[in-house]
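Colleague: Residues in the sequence shown are numbered consecutively from 24, following our numbering.
Just so you know, even glycine gets a beta-carbon here, dropped at the ideal spot from N, CA and C.
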Amino acid sequence: MNFTCSKNDLIEAFNIVSKAVSNKSQMPILSGIYMKAEGSTLELQANNFEIGIITKIPVNTEEPGEIILTGKYLQEIVRKLSGEIVNISHDESQHVANIKSGGANFKLLSMSIDDFPKVKSPETFSSFSMKASTLKNLIRKTAYACANEEVRPVFTGCCIEIVGNSISMVATNTHRLAVMKDKINEEVDMPPIVVPSKTLWELFKMLDTSDLSNTVKIECSRKNISFTFDNIYMTARLIDGQFPPYDKVIPKESATIATINVNEIMETVDRVALISKETEHNTIRFIFSAEEGVNISSDSPEVGRAEEQISAKIEGPTVDISFNVRYIVDVLKVIDTEECIIKLNKSLSPVDIREKDRDDFIYVVTPVRTN
24 MNFTCSKNDL
34 IEAFNIVSKA
44 VSNKSQMPIL
54 SGIYMKAEGS
64 TLELQANNFE
74 IGIITKIPVN
84 TEEPGEIILT
94 GKYLQEIVRK
104 LSGEIVNISH
114 DESQHVANIK
124 SGGANFKLLS
134 MSIDDFPKVK
144 SPETFSSFSM
154 KASTLKNLIR
164 KTAYACANEE
174 VRPVFTGCCI
184 EIVGNSISMV
194 ATNTHRLAVM
204 KDKINEEVDM
214 PPIVVPSKTL
224 WELFKMLDTS
234 DLSNTVKIEC
244 SRKNISFTFD
254 NIYMTARLID
264 GQFPPYDKVI
274 PKESATIATI
284 NVNEIMETVD
294 RVALISKETE
304 HNTIRFIFSA
314 EEGVNISSDS
324 PEVGRAEEQI
334 SAKIEGPTVD
344 ISFNVRYIVD
354 VLKVIDTEEC
364 IIKLNKSLSP
374 VDIREKDRDD
384 FIYVVTPVRT
394 N
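1. Using CA atoms only, rank isn't needed, just tell me which of Phe252, Ala60, Ile337 and Leu131 is closest to Thr232.
2. Nearest by alpha-carbon distance to Phe129: which of Pro219, Val109 and Asn171 is it?
3. From Ala296 to Ile241, what distance separates their C-alpha atoms?
4. At which residue ranges does the stretch 244-328 contain complete beta strand (DSSP E) runs of 3 or more residues, listed in the order of the chain?
5. Of all the beta strand (DSSP E) runs that stay within the bounds of the stretch 142-177, which reach a length of 3 or more residues?
6. So what does Gly125 bridge to, in DSSP terms?
7. Go ahead and label Gly187 buried or exposed: buried means 16 or more other beta carbons lie within 10 angstroms of its beta carbon, across all protein chains shown.
8. Return the CA-CA distance between Glu378 and Lys275, expressed in angstroms with no decimal places.
9. Tell me which residues share the same chain as Tyr167 and place their Cβ nearer than 6 Å to its Cβ, disregarding the 5 neighbours each side in the sequence.
10. Applying the 10 Å Cβ sphere with the 16-neighbour rule, what's the burial state of Met50?
11. Where does Thr258 land, buried or exposed, given buried means 16+ other C-beta within 10 angstroms?
12. Determine the DSSP secondary structure at Arg377, reduced to helix, strand or coil.
13. In whole angstroms, give me the CA-to-CA distance for Ile162 and Val202.
14. Going by C-alpha to C-alpha distance, which of Val272, Glu85 and Ile91 sits closest to Ile136?
15. Should Ile307 and Gly327 be called a contact, given that it needs their Cβ atoms to be closer than 8 Å?
16. Within a Cβ cutoff of 6 Å, which residues of the same chain sit near Glu338, ignoring the five residues on either side of it in sequence?
17. Please list the terminal residues of the continuous beta strand (DSSP E) segment that includes Val217.
18. Using DSSP with H/G/I as helix, E/B as strand and the rest coil, what is Val391?
19. Who does Ile91 pair with in a DSSP beta bridge?
20. Whole angstroms is fine: what's the gap from Glu331's alpha carbon to Ile183's?
21. Taking the Cβ atom as the reference point for each residue, do Leu33 and Val101 lie within a distance shorter than 8 Å?
22. Check whether the Cβ atoms of Phe178 and Thr165 sit closer than 8 Å, and answer yes or no.
23. Tell me which same chain residues have a C-beta within less than 6 Å of the C-beta of Asp383, skipping the five on either side of it?
24. Using DSSP with H/G/I as helix, E/B as strand and the rest coil, what is Gln68?
25. Asn25 lies in the beta strand (DSSP E); which residues open and close that run?
26. Give the DSSP-derived three-state secondary structure of Ile337 in the structure shown.
27. Going by DSSP in three states, Pro81 sits in which element: helix, strand or coil?
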């Protein structure tokens, strides 16, 4: 094998496939990046069995062939080369790859082609497409609410539901719930699926470099999901298990409704959180009052106290309620309207937070019990 290509194209391709490169020492082959040069195209693959990624870049192939090189060293070498053009050739008899650029010449041992699990397209039972911007927004509005620990694996992923042409993405860690709804251009008949949040965050990063007006094709099988866009193909395992009936968690009615400027409450919470970080459960207290607005405070016996009052339009009885501050900051970061609506009942009842004049996004958070 012998090919020449742009250093920048190669680095960009490595950045994409490296998300599926494994660092697990028990299976060294999964730490490799597979490259196949043929004609004017170089195909690169990585696969850690949880995520598999394929991408392609333009090259000038002098001798077609395929090779696997250790991802860690390959990326570091190419990134630090001084030249703008890279030549990679492979001496198959010696299992050695030569990497040349400018005056530099590196030799890397190649890995066995036969041992590499090439990324395959599973048989699908359903497929649909949506704009990259729509998919990215669904992820941004929900995936942060997934559980980080695998107490129940189903809570570490986002549930995707499609009814007709309406799509919903839902995430929960049992203490909070995020639901985002949107439309796609076709009607789809498929059961709900649960996609690992790690997969969705990696996809989110890749969409950052994509034209968000482009279309993403999504295909689902019984155990896998795949995403195709630009020059990228990504496949991942689904999470087994039934997602809980989240509709039951959303409060049906509210006694107190507060309309608050998002930037103002965000800045205030950020200041008060300096003290809440020293509390046992990172707790911040809110008192919603129709007469006085919102009082936000935090007490730490070891550090001190922070308190601030902000204005708000509040209808209904006064509510004194406390939260884990991270659960409030996370949702405020993804609200896109100038004002948000906070719907409350009692001090230990779940709270419903939404964007003003929009019903496509719902966030429900349970309060913290305090003395």
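Modeller: So, from the listed chains and residues:
1. Selected option, being the one with the closest Cα: Phe252.
2. Proximity to Phe129 across Pro219, Val109 and Asn171 peaks at Val109, based on C-alpha coordinates.
3. Distance between the alpha carbons of Ala296 and Ile241: 40 Å.
4. Uninterrupted beta strand (DSSP E) stretches at least 3 residues long and entirely within the stretch 244-328 occur at 247-252, 255-260, 279-284, 306-312 and 316-323, given in chain order.
5. 149-154, all fully within the stretch 142-177.
6. Per DSSP, Gly125 has no beta-bridge partner at all.
7. Under this definition Gly187 is an exposed residue.
8. Looking at the two C-alpha atoms, the distance is approximately 17 Å.
9. Taken in chain order, the residues that qualify are Asp353.
10. Met50 is exposed by the Cβ-count criterion.
11. Thr258 comes out buried.
12. Arg377: strand per DSSP, three-state reduction.
13. Each residue's alpha carbon lies about 10 Å from the other.
14. The shortest Cα separation from Ile136 among Val272, Glu85 and Ile91 belongs to Ile91.
15. Going by beta carbons, Ile307 and Gly327 fall outside the 8 Å limit.
16. Contacts found: Ile280.
17. Val217 -> beta strand (DSSP E) spans Ile216 to Pro219.
18. It is coil, neither helix nor strand.
19. Under the DSSP definition of a beta bridge, Ile91 partners with Tyr57.
20. If you draw a straight line from the Cα of Glu331 to the Cα of Ile183, it comes to about 39 Å.
21. Closer than 8 Å, so yes.
22. For Phe178 and Thr165, no; Cβs fall outside 8 Å.
23. Hits under 6 Å: Lys204.
24. In this structure, Gln68 counts as strand in the three-state DSSP scheme.
25. Run containing Asn25: Asn25 to Ser29, per the beta strand (DSSP E) assignment.
26. Correct three-state label for Ile337: strand.
27. If DSSP states are grouped into helix, strand and coil, Pro81 belongs with the strands.
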